[in-house]
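> My questions will all concern the structure given below.
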Amino acid sequence: MDSSSAPFMYLALTLLSSFLTLTAANLYQDFDITWGDGRGKMLNNGDLLSLSLDKASGSGFQSKNEFLFGKIDMQLKLVPGNSAGTVTAYYLSSKGSAWDEIDYEFLGNLSGDPYILHTNVFSQGKGNREQQFYLWFDPTADFHTYSILWNPQRIIFSVDGTPIREFKNSESIGVAFPKNQPMRIYSSLWNADDWATRGGLVKTDWSQAPFTASYRNFKADACIWSSGASSCTSSSSTNSNSWLSQELDTANQDRLKWVQKNYMIYNYCTDAKRFPQGLPPECNTS
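Residue numbers (the numbering used here): 7 to 292.
What follows is the structure, given as structure tokens:
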């Protein structure tokens, strides 16, 4: 390399270095800690985010971007030990009185008892579509990937790549489906000991505080909504956006059935007592 090219090489290395720094600090790029008075923290140059809860307050964050459809992954490690009374919520939500929402909520429990993974889907402000699961691993021992696939045809909840729930678009039989309102990603860690653990019978043990949940490796293949328009256009529906029409293949349908047979502990679609006038219409579809 001659001396005349040295400045250009230096500039290229500087630009590369700054790019690598930016890409590594993706949680800084993608999220704002919105409440908690310092209880939410960005760590390791933005590679890790933690939320904590004590008797005074919980904490939370939200995405900088809004999305209208996407395939969204986040790795979480949940509050260890006696987490009874705590809820770690991770969800997509729009604003307004007729909001849409796609929920993961992790309900804490006494040491040695399993977490309950609570899922729900709201459309036009209407929820009451809860399904709850135990997990086939300890979600406090390590990070696991919790994913939401949201496209115009369906919503699929997956854990470490295994689908646990599918909510299909049933507009043809009069069921509203989230497809017109952009949503942000939110997460919070908060005290819900009035209902979270055994219906509120087990209260939060504040001697165990602070309670902490951790997040890393966020990834979103998604349509970003900005200034009233989507970053996805009809011409962009190529292989890079194959998730926009993705559905469960036969192998994943079998995995979904396995989870629901062995780990589902509540399904609104089988709760006839709750719906004396008849189960919701989407429950009668295959």
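Where a beta carbon is used, it is the ideal one built from N, C-alpha and C, also for glycine.
Quick caveat, the model's predicted, so the values are computed rather than measured.
Which whole-angstrom value describes the C-beta separation of aspartate 106 and phenylalanine 139, a residue pair presumed to lie in contact below a C-beta threshold of 8 Å?
Not really, about 22 Å apart at Cβ, beyond 8 Å.
> So, is arginine 222 buried or exposed, given that buried needs 16 or more other C-beta atoms within 10 angstroms?
Burial call: buried.
> Quick one: residues in its chain with C-beta nearer than 7 Å to the C-beta of glutamine 302, no 5 flanking neighbours on either side, listed in chain order?
The first residue shown for the chain is 7 and the last is 292, placing residue 302 beyond what the model contains.
> When the Cα atoms are used, what is the spatial distance from leucine 98 to alanine 228?
13 Å
> For the region 63 to 74 against the region 33 to 53, do three or more pairs of beta-carbon atoms, one drawn from each stretch, fall closer than 8 Å, so that the two count as touching?
yes
> Just the Cα atoms here: how many angstroms apart are glutamate 111 and phenylalanine 143?
16 Å
> If contacts are defined as beta-carbon pairs under 8 Å, then asparagine 88 and aspartate 211 qualify, I think. What distance do you get, rounded to the angstrom?
5 Å
> So, helix, strand or coil for aspartate 38, using DSSP?
strand
> If you draw a straight line from the C-alpha of asparagine 51 to the C-alpha of alanine 215, how long is it?
25 Å
> Counting pairs of Cβ atoms below 8 Å between the region 274 to 283 and the region 163 to 183, do you hit three or more?
no
> Indicate whether aspartate 166 and threonine 151 have their beta-carbon atoms separated by less than 8 Å.
yes
> Tell me which residues share the same chain as tryptophan 264 and place their Cβ nearer than 6 Å to its Cβ, disregarding the 5 neighbours each side in the sequence.
none
> From the DSSP output, in three-state form, read off serine 229 for me.
Checking the sequence, you will find cysteine at residue 229 rather than serine. DSSP places cysteine 229 in strand when its eight states are reduced to three.
> Helix, strand or coil for aspartate 109? Go by DSSP, reduced to three states.
strand
> Express the C-alpha separation of serine 248 and tyrosine 200 in angstroms, rounding to a whole number.
Here the sequence assigns aspartate to residue 200, which means tyrosine is not the residue at that position. Computed Cα separation, rounded: 43 Å.
> Assuming isoleucine 161 and isoleucine 108 form a contact by the criterion Cβ under 8 Å, report the distance between their Cβ atoms to the nearest whole angstrom.
6 Å
> Looking at the secondary structure, which residues open and close the alpha helix (DSSP H) in which leucine 207 lies?
Note, leucine 207: premise wrong, no alpha helix (DSSP H); not H, not E.
> Would you give the residue range spanned by the beta strand (DSSP E) that arginine 45 belongs to?
Looking at the DSSP string, arginine 45 is not in any beta strand (DSSP E), and its letter there is neither H nor E.
> Can you tell me whether isoleucine 271 is buried or exposed, with buried defined as 16 or more other CB within 10 angstroms of its CB?
exposed
> Residues bridged to glutamate 177 by DSSP?
Answer is none; glutamate 177 lacks a bridge partner.
> Cβ atoms of asparagine 197 and leucine 57: under 8 Å apart, would you say?
Not in contact: leucine 57 and asparagine 197 (Cβ atoms no closer than 8 Å).
> Can you look up serine 213 in the DSSP assignment and give me helix, strand or coil?
helix
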